[in-house]
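*Asks:*
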Amino acid sequence: MKIRRYSFWMVFVVFFFAACNEPDLTPAYLVITEADLQNCVDVSQFNTTHDQSYDQVQLEAIASHRFRDVWVYINGQNLGCWELPCKIPILPHFNGENEVKLVPGIRLNGMSSMIPAYPFLAPFTFTTYFDREGVYHLTDHRPTFVYHPTTIFPLLETFDQSTTFSPIDSNGVVMSIINEGTNAIGEICLTDTLKYFDIKSGEYVLKGNNNFTFWEMDYKCDEHISCGLFIRTISGRVVPVSLVSLNPSKGEWRKVYINLTTVLANYTGVNATVPVQLVMTGNRKGDQTDTYFQFDNIKIITFK
């Protein structure tokens, strides 16, 4: 009987101390809201750091973004991509002083399944303390992002005075410039006598070889917009390339980030550059007399 009691108490003691030694995994939390990443791109020194002379309207276009996701790193460890707003659990081994790094994520080609870190902005980094059960707000750190110094904009269309877009067909629909409040935008209206539009930009010589290159654009549309490229090959032949189709925006302004990187690499060949034009087409809505397509802040962004 004594042996059995001894064994019982030994087992009890072992389990008691094992339970006492379980690690406390109570996390802290980092809260990031959509508002934290609104108007978060600082272009106040852009002309100086990039040796440019953009006016205020152009700088506002450069700063225009819609970030709905963010990549989070703590002390170099990737905590993943988080949709905003989010409340990120920070495990106890990050207690004490930590370096937090944030990079905005973008929905590439309008797809929520493809959210890479935006490559043209330098990360926002700050140092903070995390304590168990504490809730920390990014708002307290006023996040700002600046462009990498080698970022350039071969195309920066603000519609402030004119537009680089013209009809593909000489008799096609012309994009008008109108004012929405104090902001100039491009607009195409298809009436019952105008069934479709197809427009193209000027020609821009862009790098291939997997140099990051995006087509960014704000848009509002009653019907689908098909986006593509005209690519001029080494032989001089113009090749049409389809990219994405944008859904009707239901009366709201939206932003799209279209990846040109792979397409340009496929057509670069032995040359390091390739001439391209942006192309957009759309059709009139069958059950509606007037179908509107509006555009703003159309950019080609890449690295030198």
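Those letters in the sequence shown? Residues 58 to 361, by my numbering. Built from N, CA and C at the ideal position, the CB exists for glycine as well. Predicted model, so just to flag it, every value in this text is computed and none were measured.
1. To test your reading of the DSSP string, which unbroken beta strand (DSSP E) runs of 3 or more residues are found completely within the segment 73 to 140?
2. Grouping DSSP H, G and I as helix and E and B as strand, with all else coil, what is Leu321?
3. Once the 5 residues before and after Pro80 are set aside, which same chain residues still bring their CB inside 6 angstroms of it?
4. Enumerate, from N- to C-terminal direction, the unbroken beta strand (DSSP E) stretches of 3 or more residues contained entirely within the segment 147 to 208.
5. Quick one: what does DSSP say Phe216 is sitting in, helix, strand or coil?
6. How about Val230 and Leu286: do their beta carbons lie closer than 7 angstroms?
7. For the candidate residues Thr207, Ile209, Asp275, whose alpha-carbon lies nearest to that of Asn240?
8. Tell me the rounded alpha-carbon separation between Cys284 and Val336.
9. Does Arg294 pass the burial test, meaning 16 or more other C-beta atoms within 10 Å, or should it be called exposed?
10. With distances taken Cα to Cα, identify the nearest neighbour of Ala120 among Asp99, Leu247, Ile131.
11. Quick one: what's got a C-beta closer than 6 angstroms to Ser233's C-beta in the same chain, skipping five residues either side?
12. Three or more C-beta pairs under 8 angstroms: does that hold for the segment 206 to 225 against the segment 125 to 141?
13. Pop quiz: Thr346 and Lys264 are said to be a contact at Cβ under 8 angstroms. What is the actual Cβ separation, rounded to whole angstroms?
14. Which term fits Thr221, buried or exposed, when burial requires 16 or more other beta carbons within 10 angstroms of its beta carbon?
15. Identify the continuous beta strand (DSSP E) that holds Ser302 and give its terminal residues.
16. What would DSSP say about Phe287, mapped onto helix, strand or coil?
17. For the beta strand (DSSP E) containing Ser233, list its first residue and its last residue.
18. Nearest CA to the CA of Thr106: which residue from Thr207, Asn228, Asp197?
19. Which term fits Ile242, buried or exposed, when burial requires 16 or more other beta carbons within 10 angstroms of its beta carbon?
20. Val296: beta carbon under 6 angstroms from a heavy atom of the ligand GDP?
21. Of all the options His281, Trp310, Leu303, Asn316, which has the alpha carbon lying nearest to the alpha carbon of Trp272?
22. Among the candidates Ile291, Phe124, Ala92, whose CA atom is the shortest distance from the CA of Arg311?
23. Could you spell out where the beta strand (DSSP E) holding Ile225 opens and where it closes?
24. Express the C-alpha separation of Tyr349 and Tyr253 in angstroms, rounding to a whole number.
25. Buried or exposed for Arg164, going by 16 or more other Cβ atoms inside 10 Å?
26. Where Asn323 and Asp279 are concerned, what is the direct C-alpha to C-alpha distance, given to the nearest angstrom?
27. In the DSSP output, which residue or residues are listed as bridge partners for Phe254?
28. Which residues in the same chain as Lys342 place their Cβ atom closer than 6 angstroms to its Cβ, once the five residues preceding and following it in sequence are excluded?
29. Going by the beta-carbon positions, is the gap between Asp7 and Thr338 smaller than 7 angstroms?
30. So is Val296 buried or exposed if we call it buried at 16+ other beta carbons inside 10 Å?
31. I need the DSSP call for Asp353, collapsed to helix, strand or coil.
*Replies:* Answer, in terms of the structure:
1. Runs of the beta strand (DSSP E) inside the segment 73 to 140: 85 to 89, 126 to 131, 134 to 140.
2. Shown here, Leu321 sits in a helix according to DSSP, grouped into three states.
3. Non-local beta-carbon contacts of Pro80 in its own chain, meaning distances under 6 angstroms to residues more than five positions away in sequence, are absent.
4. 153 to 162, 181 to 187, 192 to 194, all fully within the segment 147 to 208.
5. In the structure shown, Phe216 sits in coil (DSSP, three-state: anything other than H, G, I, E or B).
6. Remark: C-beta atoms of Val230 and Leu286 do not approach each other more closely than 7 angstroms.
7. Nearest in C-alpha terms to Asn240, of all of Thr207, Ile209, Asp275, is Asp275.
8. Distance from the CA atom of Cys284 to the CA atom of Val336, rounded to whole angstroms, is 6 angstroms.
9. Exposed is the call here.
10. Per the Cα distances, Asp99.
11. Glu244, listed in sequence order.
12. Between the segment 206 to 225 and the segment 125 to 141, the count of Cβ pairs shorter than 8 angstroms is below three; the stretches do not touch.
13. Thr346 to Lys264, Cβ: 44 angstroms. No contact.
14. With 16 or more other Cβ atoms within 10 Å, it is buried.
15. Residues 295 to 303.
16. Strand, per DSSP.
17. For Ser233, the enclosing beta strand (DSSP E) stretches over residues 233 to 237.
18. That would be Thr207, whose Cα lies nearest to the Cα of Thr106.
19. That one is buried.
20. Among the components of this structure there are no ligands whatsoever, and the ligand GDP is therefore not found.
21. Nearest option by C-alpha distance: Asn316.
22. Its Cα nearest to that of Arg311, the residue Phe124 stands out among Ile291, Phe124, Ala92.
23. Neither: Ile225 is in no beta strand (DSSP E) and is coded neither H nor E.
24. Rounded to whole angstroms, Tyr253 and Tyr349 show a C-alpha spacing of 11 angstroms.
25. By the Cβ-count criterion, Arg164 is buried, with 16 or more other Cβ atoms from all chains shown falling within 10 Å of its own Cβ.
26. So the alpha carbons of these two residues sit roughly 33 angstroms apart.
27. Here Phe254 is bridged, per DSSP, to Gly339.
28. Result list for Lys342: Asp279, Glu280, Thr348, in chain order.
29. Outside the modelled stretch of the chain, which goes from 58 to 361, sits residue 7, for which no answer is possible.
30. Counting Cβ neighbours within 10 Å, Val296 comes out exposed, since fewer than 16 surround it.
31. Strand, per DSSP.
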